[in-house]
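Undergrad: The structure's right below; bear with me while I get my questions together.
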Amino acid sequence: MKIRCDTQLHRLSEMATHTGQSHGNETEGSPNFTPKENKLKLLLTGTTTVADSRIKKKLIHMQISLQRRNGQPDDQGTVRFPFHFTIPSHILIPKSGGGASSTDMVHPLPPSLCVNGGSILPSPTEQNSLRGGCRIAYTLHAYIMRDGRPTAGTFRHVMLFPTQEPQPPLCTADFPGDYTLSRSAVLRTGMVFRRLGRLSVETVEPAPLEMSRKSSGTSTAIHLTLKFRESRKVRSKCESMPPTLDFGVISLKLKQMTFISVAPQRRLPATHDVLMSSVMVKDTKIINEQSRKMRFSPWVRSGWREKHGERPVPPKNQEKRTWEMTTTLIFTYPDGKCPAPTFNSALVSRRYSVRISLHLEGVYHGPLELEIPLQIIYKADGQSRLSNGDGLTNFGAAPSHETLTLQRVPRTTTVAVIAENERTPDYFR
Numbered sequence: 001m002k003i004r005c006d007t008q009l010h011r012l013s014e015m016a017t018h019t020g021q022s023h024g025n026e027t028e029g030s031p032n033f034t035p036k037e038n039k040l041k042l043l044l045t046g047t048t049t050v051a052d053s054r055i056k057k058k059l060i061h062m063q064i065s066l067q068r069r070n071g072q073p074d075d076q077g078t079v080r081f082p083f084h085f086t087i088p089s090h091i092l093i094p095k096s097g098g099g100a101s102s103t104d105m106v107h108p109l110p111p112s113l114c115v116n117g118g119s120i121l122p123s124p125t126e127q128n129s130l131r132g133g134c135r136i137a138y139t140l141h142a143y144i145m146r147d148g149r150p151t152a153g154t155f156r157h158v159m160l161f162p163t164q165e166p167q168p169p170l171c172t173a174d175f176p177g178d179y180t181l182s183r184s185a186v187l188r189t190g191m192v193f194r195r196l197g198r199l200s201v202e203t204v205e206p207a208p209l210e211m212s213r214k215s216s217g218t219s220t221a222i223h224l225t226l227k228f229r230e231s232r233k234v235r236s237k238c239e240s241m242p243p244t245l246d247f248g249v250i251s252l253k254l255k256q257m258t259f260i261s262v263a264p265q266r267r268l269p270a271t272h273d274v275l276m277s278s279v280m281v282k283d284t285k286i287i288n289e290q291s292r293k294m295r296f297s298p299w300v301r302s303g304w305r306e307k308h309g310e311r312p313v314p315p316k317n318q319e320k321r322t323w324e325m326t327t328t329l330i331f332t333y334p335d336g337k338c339p340a341p342t343f344n345s346a347l348v349s350r351r352y353s354v355r356i357s358l359h360l361e362g363v364y365h366g367p368l369e370l371e372i373p374l375q376i377i378y379k380a381d382g383q384s385r386l387s388n389g390d391g392l393t394n395f396g397a398a399p400s401h402e403t404l405t406l407q408r409v410p411r412t413t414t415v416a417v418i419a420e421n422e423r424t425p426d427y428f429r
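Here the sequence shown stands for residues 1 to 429, numbered as in full-length UniProt numbering.
See the structure below:
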């Protein structure tokens, strides 16, 4: 699978200086083109920078050259150079160490990201400590070439979020301490030392949050199963029945975890890896919170069975009885927010989870808390918008009318790059 990028530099104009007038960073004057000599050279580069910019890894370096096509400039001196890059979905990380066991690592191309980690990251080669921040940046460079040399140029950072299909659910056993898919508590009667039964809540990893420009916001369903198991093995006339659950309060928090390392990692890192490592840190942040009241359905007796249309057969008198109920939570992520997708690369990885806190007033004195993994992916059926939230700092979207200019040295020739249409140009599919 390849990621296709279709973009255009709408306006590329070279102004003569002798008849021009300067207004700030722009220079006005008569167009002065030499079609046979002028070419446009485009570079698309991607880098990962960690630890106070002391460690920098190249991700991609792509180059194309464009010849001016037939036709004269328009009334405003605009010459169009349409182009596109076909970007690989995976990249090869060269082997390190030189040993026989060293092998090349293949990783998906990571998305644009900027994290200002506050944790201290020890340097493996120096005594000084390093900040655990990271930046994954993709930059488009444009140069006017004449006689094989650049005469003027400009650049702009572009936001790249690779599209992907949903991945299989995580094996939470590989991430001890990171996730909790079930929780239980002992319920007691008015007499403190008399047990009524055990109440448990459990769930599984929900479907991913799929970001798309065509939809306003996105959501996913989280299915909870509540179970009550009585305490007594031998029941008397006063049977232990499940508590009445009418309403409850659910609190949901979306947590992002960014793992940053100064040494390439060969597998998806976990929190316990950070605790045991001297080359890795984890940056954690809550990016969304929501709370609501919810109504529960009635308890349903479980453990009964039906055979060939026969009536349900109750369990033996010595067996503990169990009741169940299910409920569905809709977790909604607001429109206008587009966090970086879930990804794993050699130096930087990003994962998300949802913290669930279930309060059952009058039934249990404390909350039942879960934490479940959640994937965030981007769909290929439309372009996504830039976010003003974490992960996109210093990567502001360029408005469609914005003009980027750089002056040529030693002459004051100007290169202007303008978006072709109303779509934000800093996005790739």
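Note that the Cβ used here is the ideal one computed from N, Cα and C, for glycine as well. Remember, predicted model here, so these are calculated numbers, not experimental data.
In terms of residues, what are the limits of the beta strand (DSSP E) holding Asp273?
TA: On the sequence shown, position 273 is the one that residue 273 refers to. Asp273 -> not in any beta strand (DSSP E); alpha helix (DSSP H) instead, spanning 271 to 276.
Undergrad: If you compare alpha carbons, which of Leu360, Gln67, His107 is closest to Val201?
TA: Position 201 of the sequence shown holds residue 201. Selected option, being the one with the closest Cα: Leu360.
Undergrad: Helix, strand or coil for Ala173, going by three-state DSSP, please let me know.
TA: By 1-based counting over the sequence shown, the position of residue 173 is 173. In this structure, Ala173 counts as helix in the three-state DSSP scheme.
Undergrad: Pull the bridge partners of Arg152 from the DSSP assignment, please.
TA: Taking the first residue of the sequence shown as 1, we reach residue 152 at position 152. First, the amino acid is wrong: residue 152 is Ala here, not Arg. Beta-bridge pairing links Ala152 to Ile144.
Undergrad: Please report the residue range of the beta strand (DSSP E) in which Asp283 lies.
TA: For this step, residue 283 is matched to residue 283 along the sequence shown. Note, Asp283: beta strand (DSSP E), 280 to 295.
Undergrad: Inspect the beta-carbon positions of Asp174 and Thr271 and report whether they are closer than 8 Å.
TA: For the purposes of this step, residue 174 is identified with residue 174 of the sequence shown, where counting begins at 1. For the purposes of this step, residue 271 is identified with residue 271 of the sequence shown, where counting begins at 1. Contact: no.
Undergrad: Measuring only the C-alpha atoms, how far is Ile330 from Leu224?
TA: Along the sequence shown, read from residue 1 onward, the residue named residue 330 stands at position 330. Along the sequence shown, read from residue 1 onward, the residue named residue 224 stands at position 224. For Ile330 and Leu224, the distance between alpha carbons rounds to 11 Å.
Undergrad: Helix, strand or coil for Gln375? Go by DSSP, reduced to three states.
TA: Taking the first residue of the sequence shown as position 1, residue 375 is located at position 375. Residue state, collapsed to three classes: coil.
Undergrad: Below 8 Å, how does it come out for the stretch 49 to 62 and the stretch 148 to 156: are there three or more Cβ pairs, yes or no?
TA: No, they do not touch.
Undergrad: Does DSSP classify Tyr138 as helix, strand or coil?
TA: Taking the sequence shown and counting its residues from 1, the one referred to as residue 138 is at position 138. It is a strand residue.
Undergrad: Counting beta carbon pairs with one atom in the stretch 196 to 211 and one in the stretch 284 to 297, are three or more of them shorter than 8 Å?
TA: Because the criterion of three Cβ pairs below 8 Å is not met, the stretch 284 to 297 and the stretch 196 to 211 do not touch.
Undergrad: What are the start and end residues of the beta strand (DSSP E) that includes Ala185?
TA: Counting from 1 along the sequence shown, the entry for residue 185 is found at position 185. Counting along the chain, the beta strand (DSSP E) containing Ala185 begins and ends at 182 to 188.
Undergrad: Considering only DSSP beta bridges, list what Trp323 is partnered with.
TA: Here residue 323 corresponds to residue number 323 of the sequence shown, with the count starting at 1. Phe228, Arg301, per the DSSP bridge assignment.
Undergrad: Using a Cβ-Cβ cutoff of less than 6 Å, which residues in the same chain neighbour Lys41 once the five nearest sequence positions on both sides are dropped?
TA: Locating residue 41 in the sequence shown gives position 41, counting from the first residue. Ser65, Tyr143, Met145, listed in sequence order.
Undergrad: Identify every residue that forms a DSSP beta bridge with Gln256.
TA: As a first step, residue 256 is located in the sequence shown; it is residue number 256 there, counting from the start. DSSP, once it has assigned bridges, lists Lys285, Tyr352 as partnering Gln256.
Undergrad: Quick one: grab the DSSP three-state call for Gln164.
TA: For the purposes of this step, residue 164 is taken as residue 164 along the sequence shown, with counting starting at 1. Reduced to three states, the DSSP call for Gln164 is coil.
Undergrad: Taking the beta strand (DSSP E) that Cys338 belongs to, which residues open and close that run?
TA: Numbered from its first residue, the sequence shown carries residue 338 at position 338. Segment: none, Cys338 is in no beta strand (DSSP E) and carries neither H nor E.
Undergrad: Taking C-alpha atoms, which residue in Met276, Lys253, Ile260 lies nearest to Gln290?
TA: Mapped onto the sequence shown, residue 290 falls at position 290. Here the closest residue by C-alpha is Lys253.
Undergrad: By Cβ distance, which residues of its chain are closer than 6 Å to Phe228, with the 5 residues on each side in sequence left out?
TA: By 1-based counting over the sequence shown, the position of residue 228 is 228. Closer than 6 Å at Cβ, skipping near neighbours: Gly197, Leu199, Pro242, Trp323.
Undergrad: Could you work out which residue in Pro166, Leu275, His107 is closest to Arg266 when comparing CA atoms only?
TA: By 1-based counting over the sequence shown, the position of residue 266 is 266. With distances taken between Cα atoms, Arg266 lies closest to His107.
Undergrad: Would you mind stating whether Gln63 and Leu43 have Cβ atoms separated by less than 8 Å?
TA: Reading the sequence shown from its first residue, position 63 is the one you call residue 63. Reading the sequence shown from its first residue, position 43 is the one you call residue 43. Yes, they are a contact pair.
Undergrad: Three-state secondary structure (DSSP) at Ser30?
TA: On the sequence shown, position 30 is the one that residue 30 refers to. Below a pLDDT of 50, predicted positions are generally treated as unreliable, and Ser30, at 32, falls in that range; the measurement from the model is reported next regardless. Three-state result, Ser30: coil.
Undergrad: Quick one, are the C-beta atoms of Pro111 and Ile87 less than 8 Å apart?
TA: Counting from 1 along the sequence shown, the entry for residue 111 is found at position 111. Counting from 1 along the sequence shown, the entry for residue 87 is found at position 87. Cβ distance not < 8 Å, so Pro111 and Ile87 don't count as in contact.
Undergrad: One question on the structure: do Ser212 and Lys379 come within less than 8 Å of each other, judged by their Cβ atoms?
TA: In the sequence shown, the residue the question calls residue 212 occupies position 212. In the sequence shown, the residue the question calls residue 379 occupies position 379. In this structure, Lys379 lies closer than 8 Å to Ser212 by Cβ.
Undergrad: Express the C-alpha separation of Ala221 and Thr342 in angstroms, rounding to a whole number.
TA: Indexing the sequence shown from 1 puts residue 342 at position 342. Indexing the sequence shown from 1 puts residue 221 at position 221. Distance between the alpha carbons of Thr342 and Ala221 is about 18 Å.
Undergrad: If you compare alpha carbons, which of Pro169, Ser219, Gly217, Pro176 is closest to Val204?
TA: Here residue 204 corresponds to residue number 204 of the sequence shown, with the count starting at 1. It is Pro169 whose Cα lies nearest to the Cα of Val204.
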